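Going letter by letter, the sequence shown gives residues 1 to 341 in the working numbering. Let me begin by presenting the structure, written as structure tokens, before commenting on it.
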Amino acid sequence: MIESIAAIRAQAQDFTITDKATLEAYRLEFIARNGVINDLFAKFKLVPNDQKKAIGAALNELKQYLEARFKEAQDHLERSVSPVAAPIDLTLPVVPETLGSRHPINIIREKITRIFAQIGFAVADGPEIEDDWHNFGALNFPPNHPARDMQDTFFVQQDPAMLLRTHTSSVQIRLMEKSPMPVRAIMPGRVYRNEAISARAHCLFHQIEGIYIDKGVSFADLKQTLYYFVKELFGSDIKIRFRASYFPFTEPSAEMDITCLICKGEGCNICKQTGWVEILGSGMVHPEVIKNCGHDPEVYTGFAFGMGIERISMLLYDVKDLRLYTENDVRFLRQFAHLAH
Ligand code: PHE
């Protein structure tokens, strides 16, 4: 068998290929399904086991040679029939590839999600078109309560009981309604308010809210959780302060300020010379809200908080106009291409 392998190799070597027809003749003779090589592989099956290794190697080598010779002749023929290929000018300028970039809202949302995931907060989701109960009623906004006016709601024309959610607090309700206690989750999402669009207000923006309810959760837990969050996101030299506030669904309620990132607390235009900027609303979840979701407020307590992603992104990336986030201007978006996630 070794001899026939050598003989076939010699034959193939001497086979003259000058055009397509002889190339095809070569193929049929040596490498096609009925060609010599397959013949040999068929005979190989009968080779005694102790010779299989040596003969197998020689056979494989022959196969490679036959195919290489075919490929080489084919390339050669193709090259000689095609018009002379234009030489490639390596000095020509290249059109640079433009890489896509992630939207700043997306980047911040994921950063915040990751920070809370590290301390055990899951991520919850809910519908953007909500009913009155989840956006208002269950959150302790009675009908005709003046706090509803603060939310500038878009109602659905065909069904005024439905609305575009004005905050992701609605997801807190949905989560508590369906989950056994304890709950610990954040809820990022798009929200809508009927505001005139300007550099500082938009009818569409993004929030991340969070909730933690269990036995014995206190305001100290709220403070420490948010302090941890601020240090992770903005750096360890940032201070926080709470100001008493009002939300129907929390009691007590507080807005949280952080050291102004622009002037480091010295006082500037951005912080109106106070050295502080507001970043979120928070508070202890109102007992009525816990009850509305089917849990016992005598047993369970907890806190909630909510912040606007656009606002945080404005502080971190020094964005001065809210409208930039939704205009899809590549000159704006491109600036975030280099940012790590
Ligand atoms: N839902 C409030 C808002 O839209 C934010 C908030 C969430 C406040 C949770 C307190 C607790 O502004």
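Even for Gly, the Cβ is constructed at its ideal location relative to N, Cα and C. Just so we're clear, the structure is a prediction, and the values are computed from it rather than from any experiment.
Point to revise | Touching by the beta-carbon criterion (3+ pairs, under 8 Å), the segment 259 to 279 and the segment 211 to 225 | key: no
Practice item. Closer than 7 Å by C-beta to residue 27: which residues in its own chain qualify, once you throw out the five before and the five after it? Chain order, please. Key: 70
Exercise for review: Whole angstroms is fine: what's the gap from residue 324's alpha carbon to residue 193's?
Suggested key: 18 Å
Point to revise | ligand 1 heavy atom lying under 7 Å from the CB of residue 281 | key: yes
Practice item. Can you say whether residue 341 is buried or exposed, counting buried as having 16 or more other CB atoms within 10 angstroms of its CB? Key: Here the model assigns residue 341 a pLDDT of 48, short of 50, so the residue's position is not dependable and the matter cannot be decided.
Exercise for review: May I ask whether a heavy atom of ligand 1 can be found less than 7 Å away from the beta carbon of residue 371?
Suggested key: For residue 371 there is no data in the structure shown, the boundaries of the chain being 1 and 341.
Check your understanding: How would you call residue 18, buried or exposed, if buried means at least 16 neighbouring beta carbons within 10 angstroms?
Key -> exposed
Practice item. Provide the residue span of the beta strand (DSSP E) that contains residue 184, from first to last. Key: 183 to 192
Practice item. Look at the Cβ atom of residue 129, then the Cβ atom of residue 156, and state whether they are nearer than 8 Å. Key: yes
**Study point:** Cut-off 8 Å between Cβ atoms - residues of its own chain near residue 35, not counting five sequence neighbours on either side
**Key:** 27, 28 and 29
Check your understanding: Terminal residues of the continuous alpha helix (DSSP H) containing residue 311?
Key -> 309 to 317
Point to revise | Of the listed residues 295, 287 and 262, nearest to residue 319 (C-alpha basis) | key: 262
Check your understanding: Using DSSP with H/G/I as helix, E/B as strand and the rest coil, what is residue 243?
Key -> strand
Point to revise | Alpha-carbon spacing of residue 159 relative to residue 297, whole angstroms | key: 33 Å
Point to revise | For residue 186, the nearest candidate out of 21, 304, 24 and 52 (CA to CA) | key: 304
Point to revise | Burial state of residue 302, where buried means 16 or more other Cβ atoms lie within 10 Å | key: buried
Exercise for review: Grab me the residues of residue 134's own chain with a C-beta within less than 7 Å of its C-beta, minus the 5 sequence neighbours each way, in chain order.
Suggested key: 170, 173 and 174
Check your understanding: residue 330 by DSSP, collapsed to three states: which one?
Key -> helix
Exercise for review: Determine the extent of the alpha helix (DSSP H) in which residue 228 is found, giving its start and end residues.
Suggested key: 219 to 234
Review point. For residue 284, which three-state DSSP category applies?
Key: strand
Practice item. With distances taken Cα to Cα, identify the nearest neighbour of residue 281 among 60, 110, 240 and 273. Key: 240
Check your understanding: In angstroms, rounded to a whole number, what distance separates the CA positions of residue 332 and residue 100?
Key -> 12 Å
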